[in-house]
Amino acid sequence: MNHQALEMDSGEKRLNELGYKQELRREMSLFKTMAITFSCMSVFTGTPLYGQSLRYAGPAPLIWGWIVVTFFTWFVGIAMAEICSSFPTTGSLYFWAAHLAGPMWGPFASWCCAWLETIGLVSAIGAQAYSASQALQMVILLATGTNKGGGYFASRGVFLCMYIGLTIIWAVLNTFALQVIAFLNIISIWWQLIGGLLIIIMLPLVAQPTQTASYVFTHFETSPETTGVSSIPYAVILSVLLSNYCLYGYDAAAHLTEETKGADRTGPIAILSSIGLVSVFGWAYYLALTFSIKDLEYLYREDNETGGALVPAQIIYDAFYGRFQSSTGAVLFMIIIWGSFFFCGLSVTTTAARAVYAVSRDKCIPFSPIWRKVHPTSKVPINAVWLCTAITLLLGLPILKLDVVFTAILSVSTVGWVGSYAVPIFARLVMAEESFKPGPFYLGRARRPVCFVAILWICYTCSIFLLPTSYPLRLRTFNYAPIALGAALALVMLWWVLDARKWYKGPVRNIDIQNGHH
Numbered sequence: 000m001n002h003q004a005l006e007m008d009s010g011e012k013r014l015n016e017l018g019y020k021q022e023l024r025r026e027m028s029l030f031k032t033m034a035i036t037f038s039c040m041s042v043f044t045g046t047p048l049y050g051q052s053l054r055y056a057g058p059a060p061l062i063w064g065w066i067v068v069t070f071f072t073w074f075v076g077i078a079m080a081e082i083c084s085s086f087p088t089t090g091s092l093y094f095w096a097a098h099l100a101g102p103m104w105g106p107f108a109s110w111c112c113a114w115l116e117t118i119g120l121v122s123a124i125g126a127q128a129y130s131a132s133q134a135l136q137m138v139i140l141l142a143t144g145t146n147k148g149g150g151y152f153a154s155r156g157v158f159l160c161m162y163i164g165l166t167i168i169w170a171v172l173n174t175f176a177l178q179v180i181a182f183l184n185i186i187s188i189w190w191q192l193i194g195g196l197l198i199i200i201m202l203p204l205v206a207q208p209t210q211t212a213s214y215v216f217t218h219f220e221t222s223p224e225t226t227g228v229s230s231i232p233y234a235v236i237l238s239v240l241l242s243n244y245c246l247y248g249y250d251a252a253a254h255l256t257e258e259t260k261g262a263d264r265t266g267p268i269a270i271l272s273s274i275g276l277v278s279v280f281g282w283a284y285y286l287a288l289t290f291s292i293k294d295l296e297y298l299y300r301e302d303n304e305t306g307g308a309l310v311p312a313q314i315i316y317d318a319f320y321g322r323f324q325s326s327t328g329a330v331l332f333m334i335i336i337w338g339s340f341f342f343c344g345l346s347v348t349t350t351a352a353r354a355v356y357a358v359s360r361d362k363c364i365p366f367s368p369i370w371r372k373v374h375p376t377s378k379v380p381i382n383a384v385w386l387c388t389a390i391t392l393l394l395g396l397p398i399l400k401l402d403v404v405f406t407a408i409l410s411v412s413t414v415g416w417v418g419s420y421a422v423p424i425f426a427r428l429v430m431a432e433e434s435f436k437p438g439p440f441y442l443g444r445a446r447r448p449v450c451f452v453a454i455l456w457i458c459y460t461c462s463i464f465l466l467p468t469s470y471p472l473r474l475r476t477f478n479y480a481p482i483a484l485g486a487a488l489a490l491v492m493l494w495w496v497l498d499a500r501k502w503y504k505g506p507v508r509n510i511d512i513q514n515g516h517h
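For the sequence shown, numbering that gives the first Met the number 0 gives the first residue as 0, with consecutive numbering after it.
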């Protein structure tokens, strides 16, 4: 026994102090943790939103908005890193919430957090599947001869099939051992870095002559006749949506901490360095796109080469066609972007399944014994993976009828995911300092202002994602996220009040059960 205690990993030792036994394998190095976090945050995530954001208020708010959002994201990231350093456990967000909120509020805090996070992560798979299908639709369209030259533009039915196909491929890949995923994620980090650099450097070079710097950094124009938004502050807020959506997902490092070696140190490093990488790369990517615009109005026309469906695809096409009179380069670039969504969806599926596994380990979901089964040899929570997939498929069905599915899925996912960050940070803000056990990364005096700014920023992000995105309000273009999210949260709260508060005591400590002191 003693010998075994000596060889214990520092993260595993802390995990045992917190009352969990090691069930998932500790195999992730810092690089692998970073790879998964980086691909969850994905440089190109905002591609489907770019056109819409550019439309609201022109290039300047979009480009400067990114910097403002990055600035505030650092506050949230630093607050999360401090907590992560103190508690290296899976299901981390709501586990942290329970511990930091203390015995009286703990169960309620962790209940809210667990549900917000699960709703956010599962719908994030849907958002990635939709983005990937859209990129694939563009690849096929440009490769078969553009929208003008009789190319094949996938109909809604075919689009839904792509969505279903992608989701199922991710689930199947997630059914194998974690090494497969870790290997694919290492391909992913290189794909994103090299592909990102290619697009960022090549696109403005191909698109000569580019826009002037004064156009990109200072040009401001609202277009109320197409978006219906004439108020300037509102237009600016909506155009910054892009940045808010791209810059979250850094908690993926925290979900994997139970499987990472020396997690109390690597967790915070992974969180902060991913924010750094993505904020620099992402900004460069949007700058490259904006500098390469040829004709702003033409990008949105239904009769242009990409059918007006995806603005970045049209920008890339214009650049290559204007230079080489062929669309081959544009097809390659769209494949790079599609690959990035593919890997991103894969990582998000991994993260979501881990979250569902952790929540069911704590008996928070109906039929939890089914979802918490871990495959004996590959140590993967297979049933949880397929549960996430089934829910994602249901979320995608409205694609057949509504135009606004993507906005809604994306809003639900952002509000749930980012909203769940708020619970532990808020608990950390109001708790007594002496009851916090600091890890290697500790803020000391700075924690109150940092957590306070982080909370305000999270509230702001969640509220703007629930705003309607186009006027006048019609059924086809209505952002139904507030209704969907409201209904789900109302059910969860009702369940808490009527039943769950009697038996849900927060995260279950499974180490006692294992050692037989029941």
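Here a beta-carbon is modelled for each residue, glycine too, at the ideal position from N, C-alpha and C.
{"Item": "Using three-state DSSP, classify isoleucine 236 as helix, strand or coil.", "Value": "helix"}
{"Item": "Are the beta-carbon atoms belonging to cysteine 39 and alanine 251 less than 8 Å from one another?", "Value": "yes"}
{"Item": "Can the beta-carbon of alanine 354 be found closer than 8 Å to that of leucine 120?", "Value": "yes"}
{"Item": "Look up valine 403 in the DSSP assignment and say whether it is helix, strand or coil.", "Value": "coil"}
{"Item": "Short of 8 Å in beta carbon distance, which residues of its chain neighbour methionine 430, apart from the five on each side in sequence? Order them along the chain.", "Value": "Leu99, Ala100 and Gly101"}
{"Item": "What is the rounded straight-line gap between the Cα of proline 58 and the Cα of leucine 288?", "Value": "10 Å"}
{"Item": "Would you identify the three-state DSSP class for methionine 485, choosing helix, strand or coil?", "Value": "Position check: residue 485 holds glycine in this sequence, whereas methionine was assumed. Three-state result, glycine 485: helix."}
{"Item": "In chain order, what residues of the same chain have a beta carbon less than 8 Å from the beta carbon of asparagine 146, not counting five sequence neighbours either side?", "Value": "Leu140, Phe152, Asp302, Asn303, Glu304, Thr305 and Gly306"}
{"Item": "Leaving out the 5 sequence neighbours to the left and right, which residues in its chain are closer than 8 Å to leucine 183 when beta-carbon positions are compared?", "Value": "Leu172, Phe342 and Leu345"}
{"Item": "At which residues does the alpha helix (DSSP H) containing arginine 360 begin and terminate?", "Value": "327–360"}
{"Item": "On the CB-based measure, 16 or more other CB atoms within 10 Å of its CB, does lysine 501 come out buried or exposed?", "Value": "exposed"}
{"Item": "If alanine 142 and valine 358 are in contact, beta carbons under 8 Å, what's the gap, nearest whole angstrom?", "Value": "Not really, about 42 Å apart at Cβ, beyond 8 Å."}
{"Item": "Compute the beta-carbon to beta-carbon distance between serine 52 and serine 339, rounded to the nearest angstrom, for a pair I have assumed lies under 8 Å.", "Value": "The Cβ separation is near 19 Å, so there is no contact."}
{"Item": "Which first and last residues belong to the alpha helix (DSSP H) in which arginine 446 is found?", "Value": "446–464"}
{"Item": "Determine the extent of the alpha helix (DSSP H) in which valine 384 is found, giving its start and end residues.", "Value": "381–395"}
{"Item": "What's the gap between the Cα of proline 208 and the Cα of valine 279?", "Value": "24 Å"}
{"Item": "How close, in whole Å, do the beta carbons of valine 215 and leucine 286 come, if the pair is a contact with beta carbons under 8 Å?", "Value": "7 Å"}
{"Item": "On the criterion of 16 or more Cβ atoms from any shown chain inside 10 Å, does alanine 96 qualify as buried, or is it exposed?", "Value": "buried"}
{"Item": "Hey, is valine 414 close to the ligand ADP, as in C-beta under 7 Å from one of its heavy atoms?", "Value": "You won't find the ligand ADP in this model; it holds no ligand whatsoever."}
{"Item": "Spatial neighbours of glutamine 191 within its chain, please: CB distance less than 6 Å, with the 5 preceding and 5 following residues excluded, ordered by chain position.", "Value": "Val42 and Ser339"}
{"Item": "Cα separation between alanine 234 and threonine 221?", "Value": "7 Å"}
{"Item": "Taking 8 Å as the limit between beta carbons, can you name the residues of its chain near histidine 516, skipping five residues before and five after?", "Value": "Confidence at histidine 516 is low in this model, with a pLDDT of 38, below 50, so the placement of that residue should be treated as unreliable; the coordinate-derived value is given next. No residues qualify anywhere along the chain."}
{"Item": "To the nearest angstrom, report how far apart arginine 54 and alanine 389 are at their CA atoms.", "Value": "35 Å"}
{"Item": "Can you tell me where the alpha helix (DSSP H) holding asparagine 173 begins and where it ends?", "Value": "155–174"}
{"Item": "Specify the secondary structure class of glutamate 116 as computed by DSSP and reduced to three states.", "Value": "helix"}
{"Item": "Look up isoleucine 198 in the DSSP assignment and say whether it is helix, strand or coil.", "Value": "helix"}
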